[in-house]
Amino acid sequence: MDAGGNAVAGAALDDVFSDDIVVPAIDGYKLGATLFLPRDTKRRAVLINSATAVPRKVYRGFAGYLARRGAAVLTYDYRGTGDSRPKAKSLAGFEADMADWAALDVTATVRWMRERYRDLPFAYVGHSFGGQALGLIVNNAEIPRALLVASQAATWKLMASPERYRVVALMNGIGLPLTRVLGYMPAWAGLGMDLPKGVFEQWTGWVMRERYLLDDEALAARANFPNFKGKLRALVMTDDTWATRPAVELLCSAFTSVTPEIISIRPEDAGAKAIGHLGFFRSEHRDTLWRGAAEWLEADG
5 MDAGGNAVAG AALDDVFSDD IVVPAIDGYK LGATLFLPRD TKRRAVLINS
55 ATAVPRKVYR GFAGYLARRG AAVLTYDYRG TGDSRPKAKS LAGFEADMAD
105 WAALDVTATV RWMRERYRDL PFAYVGHSFG GQALGLIVNN AEIPRALLVA
155 SQAATWKLMA SPERYRVVAL MNGIGLPLTR VLGYMPAWAG LGMDLPKGVF
205 EQWTGWVMRE RYLLDDEALA ARANFPNFKG KLRALVMTDD TWATRPAVEL
255 LCSAFTSVTP EIISIRPEDA GAKAIGHLGF FRSEHRDTLW RGAAEWLEAD
305 G
(Lines of atoms letter the chains of each structure in order from A; the text may use other names.)
(Lines give C-alpha, C1' and ligand atoms only; values in the text may rest on other atoms or scores of the structure.)
Protein backbone atom coordinates (compact mmCIF):
# COMPACT_ATOMS: atom_id res chain seq x y z
CA MET A 5 0.00 0.00 0.00
CA ASP A 6 1.36 3.47 -0.84
CA ALA A 7 0.83 6.86 0.74
CA GLY A 8 -2.25 7.52 -1.33
CA GLY A 9 -4.26 4.84 0.46
CA ASN A 10 -7.08 5.78 2.85
CA ALA A 11 -6.84 2.86 5.22
CA VAL A 12 -4.25 0.76 6.93
CA ALA A 13 -4.81 -2.92 6.31
CA GLY A 14 -1.52 -4.31 7.49
CA ALA A 15 -0.86 -6.87 10.15
CA ALA A 16 -1.70 -6.05 13.74
CA LEU A 17 1.07 -5.34 16.21
CA ASP A 18 -0.66 -6.61 19.35
CA ASP A 19 -3.66 -4.26 19.47
CA VAL A 20 -2.20 -1.85 16.90
CA PHE A 21 -2.47 -1.82 13.12
CA SER A 22 0.80 -1.34 11.23
CA ASP A 23 1.43 -1.12 7.53
CA ASP A 24 4.53 -0.59 5.41
CA ILE A 25 3.88 2.28 3.03
CA VAL A 26 5.71 4.71 0.75
CA VAL A 27 5.90 8.43 1.49
CA PRO A 28 7.13 10.75 -1.27
CA ALA A 29 10.00 13.08 -0.42
CA ILE A 30 9.97 16.71 -1.56
CA ASP A 31 11.61 15.72 -4.86
CA GLY A 32 9.36 12.68 -5.31
CA TYR A 33 11.91 10.12 -4.10
CA LYS A 34 10.10 7.18 -2.50
CA LEU A 35 10.76 6.74 1.21
CA GLY A 36 10.08 3.41 2.88
CA ALA A 37 7.91 3.99 5.94
CA THR A 38 5.63 2.27 8.45
CA LEU A 39 2.38 3.73 9.74
CA PHE A 40 1.08 2.58 13.11
CA LEU A 41 -2.55 3.20 14.03
CA PRO A 42 -4.58 2.48 17.16
CA ARG A 43 -7.60 0.25 16.82
CA ASP A 44 -9.66 2.86 18.60
CA THR A 45 -9.94 6.62 18.12
CA LYS A 46 -6.88 8.49 16.94
CA ARG A 47 -6.18 11.33 19.38
CA ARG A 48 -2.84 12.67 18.12
CA ALA A 49 -0.14 12.20 15.47
CA VAL A 50 3.56 11.54 16.06
CA LEU A 51 6.48 11.46 13.62
CA ILE A 52 9.62 9.54 14.64
CA ASN A 53 12.85 10.66 12.93
CA SER A 54 15.79 8.25 12.99
CA ALA A 55 19.40 8.57 14.03
CA THR A 56 22.17 8.28 11.44
CA ALA A 57 22.68 4.69 10.24
CA VAL A 58 19.75 3.43 12.33
CA PRO A 59 16.89 1.65 10.48
CA ARG A 60 13.32 2.53 11.31
CA LYS A 61 12.65 -0.96 12.68
CA VAL A 62 14.57 0.06 15.82
CA TYR A 63 11.67 2.39 16.66
CA ARG A 64 8.93 -0.16 16.03
CA GLY A 65 8.33 -0.98 19.69
CA PHE A 66 8.14 2.65 20.78
CA ALA A 67 5.89 3.51 17.82
CA GLY A 68 3.54 0.66 18.70
CA TYR A 69 3.49 1.80 22.31
CA LEU A 70 2.46 5.32 21.31
CA ALA A 71 -0.16 3.94 18.93
CA ARG A 72 -1.69 1.86 21.71
CA ARG A 73 -2.08 5.11 23.61
CA GLY A 74 -4.06 6.63 20.73
CA ALA A 75 -1.45 8.07 18.37
CA ALA A 76 -1.06 7.69 14.62
CA VAL A 77 2.71 7.19 14.32
CA LEU A 78 4.98 7.26 11.28
CA THR A 79 8.52 5.88 11.10
CA TYR A 80 10.62 6.00 7.92
CA ASP A 81 14.09 5.51 6.46
CA TYR A 82 16.13 8.36 5.02
CA ARG A 83 17.07 8.07 1.35
CA GLY A 84 19.90 5.64 0.77
CA THR A 85 19.15 3.65 3.94
CA GLY A 86 16.87 0.77 4.92
CA ASP A 87 13.86 0.47 2.65
CA SER A 88 14.65 3.86 1.12
CA ARG A 89 17.81 2.71 -0.64
CA PRO A 90 17.93 1.91 -4.36
CA LYS A 91 17.49 -1.68 -5.47
CA ALA A 92 21.08 -1.86 -6.66
CA LYS A 93 23.29 -3.85 -4.31
CA SER A 94 25.81 -1.03 -3.94
CA LEU A 95 25.27 2.61 -2.96
CA ALA A 96 28.19 3.65 -5.17
CA GLY A 97 27.09 6.65 -7.21
CA PHE A 98 24.02 7.35 -5.06
CA GLU A 99 23.89 11.08 -4.42
CA ALA A 100 22.65 12.32 -1.04
CA ASP A 101 23.98 14.10 2.00
CA MET A 102 22.60 14.85 5.46
CA ALA A 103 21.36 18.25 4.37
CA ASP A 104 19.27 16.42 1.75
CA TRP A 105 17.88 14.15 4.44
CA ALA A 106 16.59 17.20 6.30
CA ALA A 107 15.47 19.34 3.36
CA LEU A 108 13.90 16.59 1.25
CA ASP A 109 12.98 13.70 3.56
CA VAL A 110 12.25 15.11 7.02
CA THR A 111 10.51 18.17 5.60
CA ALA A 112 8.28 15.90 3.49
CA THR A 113 7.31 13.53 6.29
CA VAL A 114 6.38 16.46 8.54
CA ARG A 115 4.21 17.84 5.73
CA TRP A 116 2.67 14.41 5.07
CA MET A 117 1.67 13.92 8.70
CA ARG A 118 0.38 17.48 9.08
CA GLU A 119 -1.78 17.16 5.98
CA ARG A 120 -3.07 13.67 6.74
CA TYR A 121 -3.86 14.40 10.41
CA ARG A 122 -4.53 18.12 10.22
CA ASP A 123 -7.20 17.98 12.95
CA LEU A 124 -5.01 16.17 15.50
CA PRO A 125 -2.32 17.52 17.85
CA PHE A 126 1.08 16.81 16.30
CA ALA A 127 4.40 15.92 17.93
CA TYR A 128 7.90 15.32 16.59
CA VAL A 129 10.34 12.80 18.04
CA GLY A 130 13.96 13.10 16.92
CA HIS A 131 16.68 10.61 17.79
CA SER A 132 20.24 11.93 17.35
CA PHE A 133 20.30 13.29 13.76
CA GLY A 134 16.50 13.28 13.81
CA GLY A 135 16.66 15.96 16.48
CA GLN A 136 19.32 17.93 14.64
CA ALA A 137 17.07 17.95 11.58
CA LEU A 138 14.33 19.71 13.53
CA GLY A 139 16.40 22.88 13.39
CA LEU A 140 17.17 22.55 9.68
CA ILE A 141 13.76 22.03 8.12
CA VAL A 142 11.82 24.95 6.64
CA ASN A 143 8.50 23.87 8.17
CA ASN A 144 9.56 23.43 11.79
CA ALA A 145 7.28 26.32 12.79
CA GLU A 146 4.38 23.92 12.13
CA ILE A 147 5.55 21.60 14.93
CA PRO A 148 3.99 22.46 18.30
CA ARG A 149 5.91 19.92 20.39
CA ALA A 150 9.23 18.13 19.89
CA LEU A 151 11.01 15.50 21.98
CA LEU A 152 14.72 15.06 21.28
CA VAL A 153 16.30 11.79 22.39
CA ALA A 154 20.11 11.73 22.52
CA SER A 155 20.23 14.59 19.99
CA GLN A 156 23.36 16.66 20.05
CA ALA A 157 25.83 18.87 18.27
CA ALA A 158 28.06 15.86 17.66
CA THR A 159 31.45 17.50 17.55
CA TRP A 160 34.16 15.01 18.49
CA LYS A 161 35.46 17.35 21.19
CA LEU A 162 32.27 17.00 23.24
CA MET A 163 32.12 13.21 23.06
CA ALA A 164 33.26 11.28 26.11
CA SER A 165 36.85 10.05 26.20
CA PRO A 166 38.13 7.64 24.88
CA GLU A 167 35.15 7.36 22.50
CA ARG A 168 36.05 10.67 20.86
CA TYR A 169 39.40 9.28 19.71
CA ARG A 170 37.83 6.08 18.40
CA VAL A 171 35.36 8.16 16.38
CA VAL A 172 38.09 10.36 14.91
CA ALA A 173 40.08 7.27 13.92
CA LEU A 174 37.03 5.52 12.46
CA MET A 175 35.86 8.49 10.43
CA ASN A 176 39.15 9.87 9.20
CA GLY A 177 41.46 6.88 9.25
CA ILE A 178 39.05 4.22 8.02
CA GLY A 179 35.78 5.74 6.86
CA LEU A 180 36.90 8.47 4.49
CA PRO A 181 39.48 6.35 2.63
CA LEU A 182 36.99 3.47 2.29
CA THR A 183 34.23 5.77 1.15
CA ARG A 184 36.38 7.33 -1.53
CA VAL A 185 37.50 3.96 -2.83
CA LEU A 186 34.11 2.17 -2.73
CA GLY A 187 31.86 5.15 -3.43
CA TYR A 188 29.91 4.66 -0.19
CA MET A 189 30.51 3.92 3.50
CA PRO A 190 29.98 0.20 4.17
CA ALA A 191 28.24 -0.98 7.32
CA TRP A 192 30.95 -3.55 7.99
CA ALA A 193 33.43 -0.75 8.68
CA GLY A 194 31.74 -0.05 11.99
CA LEU A 195 28.32 1.48 11.35
CA GLY A 196 24.80 0.09 11.58
CA MET A 197 24.15 0.23 7.83
CA ASP A 198 25.65 1.36 4.55
CA LEU A 199 25.66 5.13 4.05
CA PRO A 200 25.81 7.17 0.85
CA LYS A 201 29.19 8.77 0.19
CA GLY A 202 27.86 12.32 0.53
CA VAL A 203 26.17 11.53 3.84
CA PHE A 204 29.31 10.12 5.40
CA GLU A 205 31.57 12.87 4.09
CA GLN A 206 29.30 15.65 5.33
CA TRP A 207 28.80 13.92 8.68
CA THR A 208 32.54 13.53 9.15
CA GLY A 209 33.08 17.19 8.26
CA TRP A 210 30.54 18.25 10.88
CA VAL A 211 31.97 15.96 13.56
CA MET A 212 35.40 17.50 13.08
CA ARG A 213 34.14 21.09 13.47
CA GLU A 214 34.18 22.96 16.77
CA ARG A 215 30.37 23.34 16.87
CA TYR A 216 29.34 20.55 14.50
CA LEU A 217 26.85 21.63 11.82
CA LEU A 218 26.36 24.95 13.58
CA ASP A 219 29.79 25.97 12.21
CA ASP A 220 29.08 24.95 8.61
CA GLU A 221 28.79 28.30 6.83
CA ALA A 222 27.76 26.54 3.62
CA LEU A 223 24.69 25.11 5.36
CA ALA A 224 22.04 27.75 4.70
CA ALA A 225 19.42 25.69 6.54
CA ARG A 226 21.00 26.68 9.88
CA ALA A 227 18.85 29.81 9.58
CA ASN A 228 15.76 27.71 10.27
CA PHE A 229 16.65 26.92 13.91
CA PRO A 230 15.06 30.15 15.31
CA ASN A 231 11.81 29.45 13.41
CA PHE A 232 10.90 26.64 15.79
CA LYS A 233 8.68 28.07 18.54
CA GLY A 234 7.06 24.97 20.02
CA LYS A 235 7.63 23.09 23.25
CA LEU A 236 11.04 21.44 23.28
CA ARG A 237 12.33 18.73 25.62
CA ALA A 238 15.75 17.11 25.19
CA LEU A 239 16.70 13.87 26.96
CA VAL A 240 20.32 13.18 27.90
CA MET A 241 21.43 9.66 28.88
CA THR A 242 24.28 10.12 31.33
CA ASP A 243 26.12 7.07 29.98
CA ASP A 244 25.82 8.18 26.34
CA THR A 245 29.35 8.75 25.06
CA TRP A 246 28.13 10.55 21.91
CA ALA A 247 25.30 12.79 23.11
CA THR A 248 26.87 14.11 26.30
CA ARG A 249 25.13 16.87 28.24
CA PRO A 250 27.42 19.62 26.83
CA ALA A 251 26.79 18.36 23.28
CA VAL A 252 23.02 18.36 23.81
CA GLU A 253 23.15 21.81 25.36
CA LEU A 254 25.10 23.10 22.36
CA LEU A 255 22.49 21.84 19.92
CA CYS A 256 19.65 23.22 22.04
CA SER A 257 21.32 26.64 22.20
CA ALA A 258 20.62 27.05 18.48
CA PHE A 259 16.84 27.01 19.11
CA THR A 260 16.98 30.66 20.11
CA SER A 261 13.21 31.32 20.07
CA VAL A 262 12.44 28.84 22.86
CA THR A 263 13.80 27.71 26.20
CA PRO A 264 14.48 23.98 25.83
CA GLU A 265 13.96 21.71 28.80
CA ILE A 266 17.00 19.45 29.10
CA ILE A 267 16.64 16.39 31.30
CA SER A 268 19.47 14.05 32.30
CA ILE A 269 18.52 10.40 32.81
CA ARG A 270 20.77 7.98 34.68
CA PRO A 271 20.47 4.27 33.89
CA GLU A 272 19.48 3.60 37.50
CA ASP A 273 16.56 6.01 37.09
CA ALA A 274 15.11 3.48 34.64
CA GLY A 275 16.20 0.42 36.60
CA ALA A 276 18.81 -0.36 33.96
CA LYS A 277 22.54 -1.05 33.95
CA ALA A 278 23.04 0.93 30.75
CA ILE A 279 21.08 3.03 28.25
CA GLY A 280 23.63 4.72 26.04
CA HIS A 281 22.91 6.29 22.67
CA LEU A 282 20.38 3.73 21.42
CA GLY A 283 18.98 2.12 24.55
CA PHE A 284 16.04 4.46 25.13
CA PHE A 285 14.12 2.58 22.43
CA ARG A 286 14.48 -0.88 24.01
CA SER A 287 11.13 -2.32 25.13
CA GLU A 288 12.40 -2.87 28.67
CA HIS A 289 11.79 0.86 29.21
CA ARG A 290 8.09 0.63 28.39
CA ASP A 291 6.92 1.40 31.93
CA THR A 292 9.61 3.95 32.73
CA LEU A 293 11.21 6.04 29.99
CA TRP A 294 8.53 5.39 27.40
CA ARG A 295 5.68 6.24 29.73
CA GLY A 296 7.27 9.53 30.75
CA ALA A 297 7.96 10.45 27.14
CA ALA A 298 4.44 9.56 26.05
CA GLU A 299 2.86 11.59 28.82
CA TRP A 300 4.89 14.63 27.78
CA LEU A 301 4.02 14.16 24.10
CA GLU A 302 0.36 13.95 25.03
CA ALA A 303 0.33 17.08 27.19
CA ASP A 304 -1.74 20.06 26.10
CA GLY A 305 -0.34 23.55 25.64
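Add 4 to the 1-based position in the sequence shown for our numbering, that's all there is to it.
The beta carbon of each residue, even a glycine, is placed where N, CA and C say it ideally should be.
In the displayed model, LYS34 falls within a strand according to three-state DSSP. Note on geometry: alpha-carbon atoms of LYS46 and ILE178 lie some 47 Å from one another. With contacts defined by Cβ atoms closer than 8 Å, LEU78 and ALA37 form a contacting pair. A residue is called buried when at least 16 other Cβ atoms come within 10 angstroms of its Cβ; ASP198 meets this threshold and is buried. Of all C-beta pairs linking the stretch 208–216 to the stretch 232–244, fewer than three are shorter than 8 Å, placing the two stretches out of contact. Per the Cβ contact rule, the stretch 146–157 is in contact with the stretch 283–301 (3 or more Cβ pairs under 8 Å).
Contiguous alpha helix (DSSP H) elements confined to the stretch 193–271 occur at 201–211, 249–256, taking only those with 4 or more residues. For VAL172, the enclosing alpha helix (DSSP H) starts and ends at 167–172. By the Cβ test, the stretch 156–164 is not in contact with the stretch 176–193, since fewer than three Cβ pairs between them sit closer than 8 Å.
Taken atom to atom, the span from the alpha-carbon of ALA76 to that of ALA127 is near 10 Å.
DSSP places THR111 inside the alpha helix (DSSP H), whose first and last residues are 111–120. CA-to-CA, the gap between LEU301 and ASP273 works out to about 20 Å.
The secondary-structure analysis by DSSP pairs ARG48 across a beta bridge with ALA75. In the structure shown, ILE25 falls within a strand segment according to DSSP collapsed to helix, strand and coil. For LEU152, the enclosing beta strand (DSSP E) begins and ends at 149–153. The beta carbon of PRO271 sits closer than 7 Å to those of ASP243, LYS277, ALA278, ILE279, all from its chain and outside the five residues before and after it, given in chain order. Around the Cβ of LYS91, a 10 Å sphere holds fewer than 16 other Cβ atoms; the residue is exposed.
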